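What follows is a set of notes on a single structure, which appears directly below.
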Amino acid sequence: MSAPILQLRDLRIAYGAIEAVKGIDLELAEGELVSLIGANGAGKTTTLNAIAGTLPIAGGELRYNGQRIEKLPAHKRLRQGLALVPEGRGIFTRLTVEENLRMGAYCRRDDDAVEADLERVFTMLPRVKERLQQVAGTLSGGEQQMVAIGRALLSRPKLLLLDEPSMGLAPLVVEKIFEVISSVAAEGVTILLVEQNANLALEFSQRAYVMKSGHITLTGSGDALLADPKVRAAYLGEV
Amino acid sequence: MNELALAIPYLGKRNPAAARWVVLAIAFGAPLIAMLFGKTWVRILDFAMLYVMLAIGLNLVVGFAGLLDLGYIAFYAVGAYTFAFLASPHFELHLPFWLVLPMGAAFAALAGIILGLPTLRLRGDYLAIVTLGFGEIVRIFMNNLNHPINITNGPQGINMIDPLVLFGWDISKPLKVGDEITINSLFLYYYVFLAFVALSVLLVQRLQVSRVGRAWAAIRDDELAAKAIGINTRNMKLLAFSLGATFGGVSGGLFAAFQGFVSPESFSLMESIAVLTMIVFGGMGNLAGVIVGALALTALPEVLRYVAVPVQQAVFDKVILDPEVLRMLLLSLAMIFMMLLRPSGLIPAHSRYSKPELVVGKEGKA
């Protein structure tokens with residue numbers, strides 16, 4: 039494994055007195071697609087938000103490219119290539135699709151490169167291109183998710199944090215979203231994926247972490263976890 | 006101004022150039038027409054201009070950045086009192102207006118930041134409650150800071166505030182052109198206020214399509230997502246509060262100079278609500294809308310005052326409904342019908358914050 043792009047050491051996150059994440063270790067190598075699975079309330083989204091900087095951490099270490107980033111505000115982390123696609127998509131509902139995408143390049147000054155990246159996103163998300171002038175709030179859930187991913191890509195991320203991209207979507211649409219995710223990964227973007235749809239997540243990821251009540255309980259390759267009877271029983275609905 | 010022109014029914018879309026002239030003609034001709042009905046109406050127009058500025062400023066906070074502020078009038082108060090302190094016999098200070106007005110604006114901006122800092126993490130109802138409290142605190146301070154040391158002169162307010170003096174020219178005195186014509190100072194105030202409004206519109210228009218405007222739109226729609234695309238939400242929210250407050254401060258300073266007198270009762274909660282109603286009525290987030298809303302809702306109560314009583318006397322031989330009662334009644338009815346028929350205001354904001362020309366036409370294929 040090459041040098042980790044992201045490294046969590048004994049990371050703790052608390053909401054007031056309640057500790058939601060109770061000291062977890064996690065590592066991502068450059069170019070990896072890793073998922074973080076677990077039941078509701080396990081602390082997955084909390085972890086992701088802390089990595090993105092939208093939540094403060096209570097203790098432990100958070101390293102990105104070898105640098106400690108605990109104190110860095112969210113907007114500065116993005117400038118270093120750490121982008122988050124928030125849970126529930128978080129698109130700007132009153133702006134058009136095109137405006138939403140361009141907002142992704144908010145921090146960039148290289149206009150020509152932005153145009154090129156926009157074209158690249160269009161080839162990856164042809165459905166989005168058809169609806170550029172539509173108000174984003176009127177898109178279907180799947181399309182909104184695509185817009186959210188496209189917007190994150192326009193910030194030219196090195197590490198993409200995806201929070202439940204399959205949430206509330208029809209199975210067929212979920213497959214499409216995962217195809218997009220793997221094509222993003224194929225371009226060399228490192229991805230940390232939080233999912234409740236453990237089956238698909240494990241199928242698409244190289245490695246995965248299983249979280250339960252604020253702890254990481256299992257880790258291994260996607261295939262190994264898929265085959266693990268404990269995982270199958272707990273998260274894949276098998277008895 | 007373009008947006009105002011486009012908003013004129015029929016003409017706006019068919020002949021924008023002509024519509025633009027109509028807007029200009031109304032802006033410049035309004036006091037002349039008002040004069041036909043008496044000086045009072047010109048005075049009302051002057052106040053309407055001040056409310057337009059307030060509405061523009063509050064719209065920046067509520068309409069653009071989505072931060073519900075129920076204490077906005079506090080900034081108006083800060084601007085007015087700053088003017089009163091520095092240009093009246095109260096402290097024996099008579100600084101020139103070009104110094105006092107910016108200072109009022111600066112203090113208001115500072116007040117905006119003071120309000121913004123502790124409320125950064127609040128949204129919606131909670132923010133509304135805190136801002137409401139802030140507005141009341143400012144008013145109560147003005148009301149009670151007359152002892153042990155007399156700073157604000159308490160409920161009596163501050164009197165004999167210096168009028169606006171532009172380059173040695175006192176605009177509170179009628180202007181004599183030749184021997185025959187004298188221009189009433191109410192007109193002069195109107196045009197000065199109009200210039201301030203025009204400047205504000207220009208500034209806010211530029212701001213709306215700038216990076217800052219886009220950042221506000223993002224925060225308004227989804228704050229977490231705004232953070233996720235690299236917007237410094239803390240600074241942007243503070244900027245919205247302080248810039249919005251600046252407009253309130255300038256408007257307040259002009260109010261003090263125009264009125265010559267300030268007292269805490271001008272800055273009650275009802276005033277904050279009135280300005281908010283104007284922008285909701287006109288179309289939150291749309292500059293043209295909030296201007297129309299401010300004009301309409303400043304004029305309505307005055308029209309009622311002068312029309313309702315004589316009409317009732319003519320029809321029923323007595324006054325059945327007091328104009329004040331009628332005003333609240335009609336205002337509430339107007340709001341209810343607005344919410345039913347045009348929930349986003351008289352002139353709704355474009356769903357897209359930039360390129361309004363795209364709204365016409367291209368829609369079809371979506």
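These protein sequences, in sequence, are chains C and B. Numbering-wise, the first sequence is residues 39 to 277 according to the numbering used here. Numbering-wise, the second sequence is residues 6 to 371 according to the numbering used here. Glycine is no exception: its CB is placed at the ideal position from the N, C-alpha and C atoms. Keep in mind the model is a prediction, meaning the values are calculated, not measured.
Exercise for the section: Identify each residue in the stretch 231-253 of chain B for which the Cβ-Cβ distance to at least one residue of chain C is less than 7 angstroms, and report them in chain order. Expected result: Near chain C, meaning a CB-to-CB distance below 7 angstroms, the residues of the stretch 231-253 of chain B are Lys232, Ala233, Ile234, Gly235, Ile236, Asn237.
Q: Kindly confirm or deny that the stretch 58-71 of chain B and the stretch 291-305 of chain B touch, where touching means at least three C-beta pairs closer than 8 angstroms.
A: Here the stretch 58-71 of chain B makes contact with the stretch 291-305 of chain B; the two share three or more CB pairs at distances below 8 angstroms.
| task | Return the residue from the list Val248(C), Ile187(C), Glu153(C), Arg146(C) that minimises the CA-CA distance to Leu64(C). | result | For this step, residue 64(C) is matched to residue 26 along the first sequence. If we check each option's Cα against that of Leu64(C), Val248(C) comes out closest.
With a threshold of 16 other CB atoms inside 10 Å of the CB of Lys232(B), please say whether the residue is buried or exposed. As a working note, residue 232(B) is residue 227 in the second sequence. Counting of Cβ neighbours within 10 angstroms places Lys232(B) among the buried residues, the total reaching 16 or more.
Whole angstroms are fine: how far does the CA of Ala133(B) sit from the CA of Arg126(B)?
Looking up residue 126(B) in the second sequence gives position 121. Looking up residue 133(B) in the second sequence gives position 128. Spanning the two alpha carbons is a distance of roughly 12 angstroms.
| As assigned by DSSP and simplified to three states, the class of Asp167(B) | Against the second sequence, residue 167(B) aligns to sequence position 162. Coil at Asp167(B), not helix or strand.
Against chain B: residues of the stretch 179-199 of chain C by CB proximity under 8 angstroms
Within the stretch 179-199 of chain C, the qualifying residues are Ala186, Arg189, Ala190, Ser193.
Residue closest to Gln171(C), alpha-carbon to alpha-carbon, out of Ala208(C), Met162(C), Thr161(C), Val185(C): Numbered from its first residue, the first sequence carries residue 171(C) at position 133. With distances taken between Cα atoms, Gln171(C) lies closest to Val185(C).
Please classify Thr157(B): does DSSP put it in a helix, a strand, or coil? Here the question's residue 157(B) lines up with position 152 in the second sequence. In the three-state scheme derived from DSSP, where H, G and I count as helix and E and B as strand, Thr157(B) is classed as coil.
Margin query: Any beta carbon from chain C within less than 9 angstroms of Leu127(B)'s own beta carbon?
Written below: Start at 1 with the first residue of the second sequence, and residue 127(B) comes out as number 122. So, not an interface residue.
**OP:** State buried or exposed for Asn155(B), treating a residue as buried only when at least 16 other CB atoms are found within 10 Å of its CB.
**Re:** Walking along the second sequence from the start, residue 155(B) turns up at place 150. Counting other Cβ atoms within 10 Å of its Cβ, Asn155(B) stays below 16 and is therefore classed as exposed.
Q. Among Ala89(B), Ile188(B), Arg239(B), which one has its Cα closest to the Cα of Gly254(B)?
A. Sequence index remark: in the second sequence, residue 254(B) carries index 249 (1-based). With distances taken between Cα atoms, Gly254(B) lies closest to Ala89(B).
Residue ranges of each beta strand (DSSP E) within the stretch 220-286 of chain B, 3 or longer | Within the stretch 220-286 of chain B, no complete beta strand (DSSP E) run reaches 3 residues.
* Option nearest Phe80(B) by Cα separation, candidates Leu50(B), His99(B), Phe139(B), Trp103(B) -> Within the second sequence, numbered from 1, the residue matching residue 80(B) stands at position 75. By alpha-carbon distance to Phe80(B), the top candidate from Leu50(B), His99(B), Phe139(B), Trp103(B) is Phe139(B).
| message | Going by DSSP in three states, Thr45(B) sits in which element: helix, strand or coil? | response | Here residue 45(B) refers to the residue found at position 40 of the second sequence. Helix at Thr45(B).
Who pairs with Ala224(C) in a beta bridge, going by DSSP? Start at 1 with the first residue of the first sequence, and residue 224(C) comes out as number 186. DSSP output for Ala224(C) lists no bridge partner at all.
* Asked: CA-CA distance, Leu305(B) and Pro315(B)?
  -> On the second sequence, position 300 is the one that residue 305(B) refers to. On the second sequence, position 310 is the one that residue 315(B) refers to. Computed Cα separation, rounded: 16 angstroms.
State the Cα-Cα distance for the pair Ala272(C) and Gly252(C), rounded to the nearest angstrom.
-> Position 234 of the first sequence, counted from the start, is the residue given in the question as residue 272(C). Position 214 of the first sequence, counted from the start, is the residue given in the question as residue 252(C). Looking at the two C-alpha atoms, the distance is approximately 16 angstroms.
**OP:** Measure the C-alpha to C-alpha separation of Leu274(C) and Asn235(C) and round it to an integer number of angstroms.
**Re:** Here residue 274(C) corresponds to residue number 236 of the first sequence, with the count starting at 1. Here residue 235(C) corresponds to residue number 197 of the first sequence, with the count starting at 1. When only Cα atoms are considered, Leu274(C) and Asn235(C) end up about 8 angstroms apart.
Open item on the list: So Leu292(B) contacts chain C; which residues on that side make the cut at Cβ distance below 7 angstroms?
Closed with: On the second sequence, residue 292(B) is found 287 positions in, with the first residue counted as 1. Within 7 angstroms Cβ-Cβ: nothing; Leu292(B) doesn't reach chain C, min ~16 angstroms.
Worksheet entry | Chain-order list of residues whose beta-carbon lies under 6 angstroms from that of Phe216(C) (same chain, five-residue window excluded) | For this step, residue 216(C) is matched to residue 178 along the first sequence. Taking C-beta separations shorter than 6 angstroms and ignoring five residues to either side along the sequence, the partners of Phe216(C) in its chain run Leu238, Phe242, following chain order.
Exercise. In chain C, which residues lie less than 9 angstroms from Ala222(B) when you measure between Cβ atoms?
Worked result: By one-based count along the second sequence, residue 222(B) stands at place 217. Result: Phe130, Arg132, Leu133, Glu137, Met141.
query = Can you list the residues of chain B that Arg117(C) reaches, using a CB-CB cut of under 9 angstroms?
reply = Translated into the one-based positions of the first sequence, residue 117(C) becomes position 79. Within 9 angstroms Cβ-Cβ: Gly235.
Could you tell me which residues DSSP puts in a beta bridge with Asp201(C)?
Here residue 201(C) refers to the residue found at position 163 of the first sequence. Looking at the DSSP assignment, Asp201(C) forms a beta bridge with Val232(C).
Item to complete: Could you work out which residues of chain B lie near Ala77(C), taking near to mean beta carbons separated by less than 7 angstroms?
Response: As a first step, residue 77(C) must be located in the first sequence, where it is residue number 39. Within 7 angstroms Cβ-Cβ: nothing; Ala77(C) doesn't reach chain B, min ~22 angstroms.
### Neighbour list for Ala121(C) in chain B, Cβ cutoff strictly below 9 angstroms
Your numbering for residue 121(C) matches position 83 in the first sequence. Residues of chain B passing the Cβ test: Ala233, Ile234, Gly235.
Neighbouring residues, chain B, relative to Tyr144(C) (Cβ below 8 angstroms):
Residue mapping note: residue 144(C) aligns to position 106 of the first sequence, counting from 1. Chain B residues near Tyr144(C): Arg216, Arg219, Ala220, Ala223, Ile234, Gly235, Ile236.
ask   = What's the C-alpha gap between Asp48(C) and Ser220(C)?
value = Position 10 of the first sequence, counted from the first residue, corresponds to residue 48(C). Position 182 of the first sequence, counted from the first residue, corresponds to residue 220(C). So the two alpha carbons sit approximately 29 angstroms from each other.
Nearest to Leu263(C) by CA position, among Arg245(C), Ile254(C), Lys250(C), is which residue? Reading the first sequence from its first residue, position 225 is the one you call residue 263(C). That would be Arg245(C), whose Cα lies nearest to the Cα of Leu263(C).
Own chain residues within Cβ distance below 7 angstroms of Pro328(B), not counting five before or after | Position 323 of the second sequence, counted from the first residue, corresponds to residue 328(B). Cβ neighbours of Pro328(B) beyond the five flanking positions: Leu309, Arg310, Ala313, Val314.
Pro124(C) touches chain B at which residues, Cβ-Cβ below 9 angstroms? Taking the first residue of the first sequence as 1, we reach residue 124(C) at position 86. The answer, in chain order, is Asp227, Leu229, Ala230, Lys232, Ala233.
Mapping DSSP to helix, strand and coil, what is Ala39(B)?
-> Numbered from its first residue, the second sequence carries residue 39(B) at position 34. Helix, per DSSP.
(Q) Considering only their Cβ atoms, is the gap separating Ala245(B) from Gly121(B) smaller than 9 angstroms? (A) Here residue 121(B) corresponds to residue number 116 of the second sequence, with the count starting at 1. Here residue 245(B) corresponds to residue number 240 of the second sequence, with the count starting at 1. Yes, the Cβ-Cβ distance between Gly121(B) and Ala245(B) is below 9 angstroms.
Are there three or more Cβ pairs, one per stretch, closer than 8 angstroms when the stretch 189-208 of chain B is compared with the stretch 46-58 of chain B? Between the stretch 189-208 of chain B and the stretch 46-58 of chain B, the count of C-beta pairs closer than 8 angstroms reaches three or more; the two stretches touch.
- Between the C-alpha atoms of Ile352(B) and Gly298(B), what's the straight-line distance to the nearest angstrom? As a working mapping, residue 352(B) is identified with position 347 in the second sequence. As a working mapping, residue 298(B) is identified with position 293 in the second sequence. Rounded to whole angstroms, Ile352(B) to Gly298(B) spans 9 angstroms at the Cα level.
*Leu137(B) to Asn64(B), Cα distance in whole Å?*
Translated into positions along the second sequence, residue 137(B) becomes position 132. Translated into positions along the second sequence, residue 64(B) becomes position 59. When rounded, the distance between both Cα atoms is 16 angstroms.
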